[in-house]
Amino acid sequence: MWFRFLSFLGVQVAAGSLGWELGGYLGATIGTVLSSAAWMLVDIWRGGRVMQWLRTGEVAQAPHMQGWWGDFSDRMRRWLRQTEQKMQDSDRRLQEFLAAIQASPNGVVLLDAEGRIEWCNQIAATHFGFDVSRDLQQLIGNLVRDPAFANYAAAPDPAAGVVMIGRGGSVTRPVRLSVHLHPYGEGRRLLLSRDITALEQAEAMRRDFVANVSHEIRTPLTVMSGFVETMQSVPLDEEQRERYLGFMAQQADRMQTLVSDLLTLSSIEGGPAPSSNDWIPVRDLIAHCAREAEALSGLVTAGHAKSHSLRFGPMPDGALAGAHSELLSAMSNLVSNAVRYTPPGGRIEVRWAQLPDGRAEFSVKDTGPGIASEHLPRLTERFYRVDPSRSRETGGTGLGLAIVKHVVQRHGAELQVESTLGQGSRFAIVFPANRLRVEQQPAYAK
Ligand code: ADP
5 MWFRFLSFLG
15 VQVAAGSLGW
25 ELGGYLGATI
35 GTVLSSAAWM
45 LVDIWRGGRV
55 MQWLRTGEVA
65 QAPHMQGWWG
75 DFSDRMRRWL
85 RQTEQKMQDS
95 DRRLQEFLAA
105 IQASPNGVVL
115 LDAEGRIEWC
125 NQIAATHFGF
135 DVSRDLQQLI
145 GNLVRDPAFA
155 NYAAAPDPAA
165 GVVMIGRGGS
175 VTRPVRLSVH
185 LHPYGEGRRL
195 LLSRDITALE
205 QAEAMRRDFV
215 ANVSHEIRTP
225 LTVMSGFVET
235 MQSVPLDEEQ
245 RERYLGFMAQ
255 QADRMQTLVS
265 DLLTLSSIEG
275 GPAPSSNDWI
285 PVRDLIAHCA
295 REAEALSGLV
305 TAGHAKSHSL
315 RFGPMPDGAL
325 AGAHSELLSA
335 MSNLVSNAVR
345 YTPPGGRIEV
355 RWAQLPDGRA
365 EFSVKDTGPG
375 IASEHLPRLT
385 ERFYRVDPSR
395 SRETGGTGLG
405 LAIVKHVVQR
415 HGAELQVEST
425 LGQGSRFAIV
435 FPANRLRVEQ
445 QPAYAK
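The sequence shown runs contiguously to residue 450 in the working numbering.
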């Protein structure tokens, strides 16, 4: 500043002195006026360049000059660069923030004070059927027409929220959304949506499961307490006593089987993934099933003229990787079902076959009653029975195939069911090649 003032003064003095030399007092006056005018013109030109540059706003095009205007344009350039940097930073932060909201598993919609959509993430667009580019600035009330939502939006209670039907489901399996509105800023609202279809289904399944278990336990308990009451109140002879105790033991067995199946199911569901290094000789598994089948068949066909024809295919070499108890449970469930449902005189064939694609199949084929095709998709549901009385009569819990399904899934295998009503059924577990070892390893060699 001082330098500028002194140089202006210096120019005036120099021009004045030159004028004095040339024309005395008048010359000095003219020299001073001319130098001031020249100084002003140069100043206006330099200021004009700076103004011209500021109009374009391009930091890189800042004029390079000395002096006061040069200093001014340098400062402006620095300030503009800092402002640009700040804007870039806040823009980047905004993009990161929006990307984080995009990644949210819940739907997020930002509404302005009038209820227009300012921004929404892709999940919200899917939940409500918005078109992210077309529906911005549209009134939410025009796009979400569910009366439950309209009532809630009129008097929102952020804590309560509302449950409504979302887009993308079907008539039989609608998408259920839990929606909450939260006020923020000046009259703005944040709309959050969450797909609770799976949660509600899981809750319904849990309720059904508890009801089923209670029902399964209550029936034998009622029968047992009936016998206890009778034995307490009515004098019985030895034969009657024996008979009643036999019935009670039967019911106790039934409850025991149910509890044991429930425990198996829960340990399979919550247990660690089956090992892929524990190799179990397949012939041991099949031999175990064969012993169980013989014993069960003896019980089932006792008192009948004919027994079952049980055939266990050639005992295979090779081993299967997985959880021993689970594999045994799955295989013996299929075999025991075949024995229980096939009438005396029927044929049951159990085979182990190596498939051409490297997989191997454990199959159980029977000549029992068969299963109508409409039941096949539901067979592995817990407590699903085609013929409940037949199942209970033979000691079934309705959990056998649910256990098989879990074991099969955990071992990366596949359960195949083929059945023809009146002709018989074939259940097969197809094991993946990576869980099979065709050659018997020395540790298991006979
Ligand atoms: P359960 O303990 O009742 O046998 P499962 O889960 O093992 O329960 O089987 C479910 C239902 O599938 C059975 O109740 C029965 O109706 C049917 N089922 C299973 N295996 C056979 C089979 N080999 N032949 C005919 N029906 C079968």
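Every residue gets a Cβ at the ideal spot worked out from N, C-alpha and C, and that includes glycine.
Rounded C-alpha distance that separates Thr87 from Ser182: Numbered from its first residue, the sequence shown carries residue 87 at position 83. Numbered from its first residue, the sequence shown carries residue 182 at position 178. Taking the straight line joining both Cα atoms gives about 43 Å.
The region 12-21 contacting the region 30-38, beta-carbon criterion three pairs below 8 Å: yes
Spatial neighbours of Leu38 in its chain, beta-carbon cut-off 7 Å, leaving aside the 5 residues before and after: By one-based count along the sequence shown, residue 38 stands at place 34. Taken in chain order, the residues that qualify are Ala19.
Whole-angstrom distance between Pro178 and Arg1, CA atom to CA atom: The first residue shown for the chain is 5 and the last is 450, placing residue 1 beyond what the model contains.
Touch test, the region 128-147 against the region 100-115, Cβ-Cβ under 8 Å, three pairs minimum: yes
Closer than 7 Å: Ala334 CB and nearest ligand 1 heavy atom: Taking the sequence shown and counting its residues from 1, one reaches residue 334 at position 330. Result no, Cβ not under 7 Å from ligand 1.
Cut-off 6 Å between Cβ atoms - residues of its own chain near Ala447, not counting five sequence neighbours on either side: Position 443 of the sequence shown holds residue 447. Unreliable placement is indicated for Ala447, whose pLDDT of 46 sits below 50; no coordinate value is reported for it.
Buried versus exposed, by CB contacts within 10 Å (16 or more), Leu383: As a working note, residue 383 is residue 379 in the sequence shown. Leu383 is buried by the Cβ-count criterion.
Top-ranked residue by Cα proximity to Trp283, from Thr268, Gly322, Ala299: The residue you call residue 283 lines up with position 279 of the sequence shown. For Trp283, the nearest C-alpha among the options comes from Gly322.
At least three beta-carbon pairs within less than 8 Å, the region 243-253 to the region 371-387: no
Gly302 and Asp370 closer than 8 Å at C-beta: Stepping through the sequence shown from its first residue, residue 302 is reached at position 298. Stepping through the sequence shown from its first residue, residue 370 is reached at position 366. Not in contact: Gly302 and Asp370 (Cβ atoms no closer than 8 Å).
Ligand 1 heavy atom lying under 7 Å from the CB of Gly275: Here the question's residue 275 lines up with position 271 in the sequence shown. The answer is no for Gly275.
DSSP-derived helix/strand/coil call for Glu100: Within the sequence shown, the letter at position 96 stands for residue 100. Three-state result, Glu100: helix.
Given Phe12 as reference, the closest of Met44, Tyr29, Trp24, Glu207 once Cα atoms are compared: Here residue 12 refers to the residue found at position 8 of the sequence shown. Answer by Cα proximity: Met44.
For Pro151, three-class secondary structure by DSSP: Translated into positions along the sequence shown, residue 151 becomes position 147. Three-state DSSP puts Pro151 in a helix.
Bounding residues of the alpha helix (DSSP H) (the contiguous stretch that carries His292): Position 288 of the sequence shown, counted from the first residue, corresponds to residue 292. Its alpha helix (DSSP H) spans residues 286-304.
Under 8 Å between C-beta atoms of Ala342 and Val368: Counting from 1 along the sequence shown, the entry for residue 342 is found at position 338. Counting from 1 along the sequence shown, the entry for residue 368 is found at position 364. Cβ distance < 8 Å, so Ala342 and Val368 count as in contact.
Proximity test, Pro347 beta-carbon vs ligand 1 heavy atom, cut-off 7 Å: Within the sequence shown, numbered from 1, the residue matching residue 347 stands at position 343. No - ligand 1 has no heavy atom lying nearer than 7 Å to the Cβ of Pro347.
Among Met235, Pro381, Gly372, Glu353, nearest to Arg394 - alpha-carbon criterion: On the sequence shown, residue 394 is found 390 positions in, with the first residue counted as 1. Closest option to Arg394, Cα to Cα, is Gly372.
Arg53 versus Phe76, Ile375, Ala208, residue with shortest Cα-Cα distance: Here residue 53 corresponds to residue number 49 of the sequence shown, with the count starting at 1. Looking at the Cα atoms, Phe76 is the closest of the given residues.
The region 144-155 contacting the region 201-221, beta-carbon criterion three pairs below 8 Å: no
Meets three-Cβ-pair contact criterion under 8 Å: the region 265-283 and the region 303-312: no
Distance cut-off 7 Å: Arg389 Cβ against heavy atoms of ligand 2: In terms of ligand content, the structure shown lacks ligand 2 and carries ligand 1 instead.
6 Å Cβ shell around Ala325 - same chain, five flanking residues per side excluded: For this step, residue 325 is matched to residue 321 along the sequence shown. Closer than 6 Å at the Cβ level, and outside the excluded window around Ala325, lie Ser280, Trp283, Arg439.
Close-in-space but distant-in-sequence residues of the same chain around Gln65 (CB under 8 Å, 5 per side omitted): Stepping through the sequence shown from its first residue, residue 65 is reached at position 61. Trp57.
Contiguous beta strand (DSSP E) assignments of at least 3 residues, all confined to the region 403-445: 418-424, 428-435
Pair within 8 Å by beta-carbon distance, Leu425 and Gly374: Your numbering for residue 425 matches position 421 in the sequence shown. Your numbering for residue 374 matches position 370 in the sequence shown. Yes, these two residues count as a Cβ contact at 8 Å.
Beta bridge counterpart(s) of Gln106 as assigned by DSSP: Within the sequence shown, numbered from 1, the residue matching residue 106 stands at position 102. Answer is none; Gln106 lacks a bridge partner.
Identity of the residues DSSP links to Asp370 by a beta bridge: Sequence index remark: in the sequence shown, residue 370 carries index 366 (1-based). DSSP lists Ile352 as partners of Asp370.
As assigned by DSSP and simplified to three states, the class of Val238: In the sequence shown, residue 238 corresponds to position 234, counting from 1. Of the three classes helix, strand and coil, the one that applies to Val238 here is coil, per DSSP.
Cβ pair count under 8 Å reaching 3, the region 405-412 against the region 230-248: no
Beta-ladder partner(s) of His184, from DSSP: As a working note, residue 184 is residue 180 in the sequence shown. His184 is bridged to Leu196.
Straight-line gap, Ala291 to Arg258 (C-alpha atoms, nearest Å): Sequence index remark: in the sequence shown, residue 291 carries index 287 (1-based). Sequence index remark: in the sequence shown, residue 258 carries index 254 (1-based). When rounded, the distance between both Cα atoms is 26 Å.
CB contact check: Met235 to chain C, cutoff 8 Å: Absent from the structure: chain C. Only one protein chain is present.
Distance cut-off 7 Å: Ala406 Cβ against heavy atoms of ligand 1: Numbered from 1 along the sequence shown, position 402 holds the residue referred to as residue 406. Within the cutoff, so yes.
Element boundaries [alpha helix (DSSP H), containing Val46]: Here the question's residue 46 lines up with position 42 in the sequence shown. It spans 6-60 - the alpha helix (DSSP H) in which Val46 sits, taken as one unbroken run.
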